[in-house]
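Protein chains: 2
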Amino acid sequence: MAIQRNEQRMNVKPEIKVEPTAMPDGYVLEDQVGHLIRRAHQRHTALFIAMIGDEQVTTTQYAALVKLYQMGELSQNHLGRLTAMDPATIQGVIRRLTLRKLISHRPDKNDKRRRCLSLTAAGRDLVGRLLNNGPKVSKATLDPLTAAEQQQFVALLKRLT
Amino acid sequence: MAIQRNEQRMNVKPEIKVEPTAMPDGYVLEDQVGHLIRRAHQRHTALFIAMIGDEQVTTTQYAALVKLYQMGELSQNHLGRLTAMDPATIQGVIRRLTLRKLISHRPDKNDKRRRCLSLTAAGRDLVGRLLNNGPKVSKATLDPLTAAEQQQFVALLKRLT
DNA sequence: GCAGCATCATATGCGTACGAACGATATCGG
DNA sequence: CCGATATCGTTCGTACGCATATGATGCTGC
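Each protein sequence line maps, in turn, to chains A and B. Be aware that the first sequence starts at 222, since it is given in my numbering, and climbs by one per residue. Be aware that the second sequence starts at 222, since it is given in my numbering, and climbs by one per residue.
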């Protein structure tokens, strides 16, 4: 992803001015919190891909890997809840990580419906190598703010979930 | 999308405790700003779908429709820049809106590469009906915060884009 | 003018994200 | 014990989101 793609254009032909259909805009898209959250998410994702230290690992995959690293064995849906992914989404994430041999699974003894997921040795190695980069991404994401503002922002953001 | 899906589970079998692979976690996923932004984005999207007043219109489609409503005619990539979508993404959004006959296009007189996009009558009608709901979604998204906190949060969020 | 570069729109591929529906299994209530 | 209900994981369909590649068109500078 190109960071700030929209700012990089150098040679765009001037747009033709056309009269708006009407309406003195009380609704400014750029001020809407949803639009801003979406753009902040785009920016964070770009920073993550650039800084995490592995060409393949995405934000959600990283979350799943770290959780397994910290928690040991987890069922698939449980891991999904811990990482805020619904069953359909976590299924795809786990499938791709399993294909890369970062995750393995075995049947649960007590519940035949469940898959017990855990990291492979390669998975633990990878997480070990990337774990230090996670905080760097968070730091870069918040970099435009002062230290005090960063704390404020994260505190407010936590209450919006 | 189910709002707060993860909080709705009533009957989950207790998870089996397994010892973590090691590590006193300095890295807490739930505290990382990227994870929080992602969850805030999920929550906002759910609120939008529930409140916007049309079963089909998504956040990005709404942004595109409103911009066209306010600006009149726009080329596809220009609209993409105004709504923070890259050319591949805006192309799909416009294709779907065109299929629903909410948007029409004509060739640009001065630049044969461009498609001049504009709303159809049905598109203008739809935006007219939904425009009041946009602010309601923003309000609902920010509802957990006090008025002062909302202003603070949006101001900080703007600086992260 | 024309060559090199930029932009426009399209297409393909991969990865989230979620609703809905499904079969299998587990649990709870009567 | 058994039927209603819930959870587990899967699959399908739709919609972003972006990298990359492509062909057509536009522009700039020499």
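Glycine residues also receive a C-beta, built at the ideal position from the N, C-alpha and C atoms.
Alpha helix (DSSP H) segment containing residue i, residue limits
i, result
"Arg302(B)", "Gln297 to Leu303"
"Thr362(B)", "Asn354 to Leu363"
"Leu287(B)", "Looking at the sequence itself, residue 287(B) is Val, so the reference to Leu does not match. Its alpha helix (DSSP H) spans residues Thr280 to Met292."
"Arg260(A)", "Val254 to Met272"
"Glu370(B)", "Ala368 to Lys379"
Proximity to residue i [Cα-Cα], best of the options
i, options, result
"Leu338(A)", "Glu294(A), Gln263(A), Arg260(A) and Glu251(A)", "Glu294(A)"
"Arg334(B)", "Gln371(B), Asn298(B), Asp275(B) and Gln373(B)", "Asn298(B)"
"Ser325(B)", "Ala285(B), His262(B), Val254(B) and Asp275(B)", "Ala285(B)"
"Thr319(A)", "Arg350(A), Lys357(A), Leu289(A) and Arg260(A)", "Leu289(A)"
"Ala267(A)", "His256(A), Thr279(A) and Ile258(A)", "Thr279(A)"
"Arg345(A)", "Leu303(A), Met306(A), Arg302(A) and Leu323(A)", "Leu323(A)"
"Tyr248(B)", "Thr367(A), Gln373(A) and Val358(A)", "Val358(A)"
"Gln282(B)", "Arg316(B), Arg336(B) and Leu250(B)", "Arg316(B)"
"Gln253(B)", "Glu370(A), Thr367(A) and Leu363(A)", "Leu363(A)"
"Lys330(B)", "Ser296(B), Thr382(B), Thr367(B) and Pro365(B)", "Ser296(B)"
"Val287(B)", "Arg336(B), Ala361(B), Gln373(B) and Thr341(B)", "Thr341(B)"
"Thr382(A)", "Arg321(B), Gln373(B), Gln371(B) and Pro365(B)", "Pro365(B)"
"Arg336(B)", "Phe374(B), Ala343(B), Ile311(B) and Gln277(B)", "Ile311(B)"
"Ala361(A)", "Leu250(A), Glu251(A) and Arg264(A)", "Arg264(A)"
"Gly355(B)", "His262(B), Leu250(B), Phe269(B) and Glu251(B)", "Phe269(B)"
"Gln277(B)", "Leu347(B), Gln371(B), Gln372(B) and Glu370(B)", "Leu347(B)"
"His262(B)", "Gly301(A), Ala305(A) and Glu370(A)", "Ala305(A)"
"Leu303(A)", "Ala343(B), Gln373(B) and Glu251(B)", "Glu251(B)"
"Ala369(B)", "Thr367(A), Ala369(A) and Gln373(A)", "Gln373(A)"
"Arg321(B)", "Ala343(B), Gly301(B) and Ala309(B)", "Ala343(B)"
For residue i: DSSP bridge partner residues
i, result
"Leu340(B)", "Ile324(B)"
The ligand MN heavy atom lying under 6 Å from the CB of residue i
i, result
"Gln253(B)", "The ligand MN is not part of the structure shown, which contains no ligands of any sort."
Legend entry - Cβ-based contacts, 9 Å cut-off: residues of the stretch 255-268 of chain B near chain A: Taking 9 Å as the Cβ-Cβ cut-off against chain A, the residues of the stretch 255-268 of chain B that qualify are Gly255, His256, Leu257, Ile258, Arg259, Arg260, Ala261, His262, Gln263, Arg264, His265, Thr266 and Leu268.
Inset, instruction - Select from the stretch 331-361 of chain A all residues with a C-beta closer than 8 Å to any C-beta belonging to chain B, and list them in chain order. - result: Asn331, Asp332, Leu340, Arg345, Leu352, Gly355, Pro356, Val358 and Ser359: these are the residues of the stretch 331-361 of chain A whose beta carbon lies less than 8 Å from some beta carbon of chain B, given in chain order.
Legend entry - Stretch-stretch touch, CB-based, cutoff 8 Å, three pairs: the stretch 338-353 of chain B with the stretch 270-278 of chain B: The stretch 338-353 of chain B vs the stretch 270-278 of chain B: in contact.
Legend entry - Cβ-based contacts, 9 Å cut-off: residues of the stretch 314-329 of chain A near chain B: Listed by position, the residues of the stretch 314-329 of chain A near chain B (Cβ gap below 9 Å) are Asp329.
Inset, instruction - Tell me, please, whether the stretch 253-268 of chain A touches the stretch 372-381 of chain B by the rule of three or more beta-carbon pairs shorter than 8 Å. - result: Output reads yes: the stretch 372-381 of chain B touches the stretch 253-268 of chain A.
Inset, instruction - Would you list, in chain order, the members of the stretch 283-298 of chain A that have their beta-carbon closer than 8 Å to a beta-carbon of chain B? - result: Interface annotation for the stretch 283-298 of chain A against chain B: Ala284, Val287, Lys288, Tyr290, Gln291, Met292, Gly293, Glu294, Leu295 and Ser296, criterion Cβ-Cβ distance under 8 Å.
Inset, instruction - Check each residue of the stretch 370-382 of chain A: if its Cβ is closer than 9 Å to any Cβ of chain B, include it; give the result in chain order. - result: Cβ contacts with chain B: Glu370, Gln371, Gln373, Phe374, Val375, Leu377, Leu378, Lys379, Arg380, Leu381 and Thr382.
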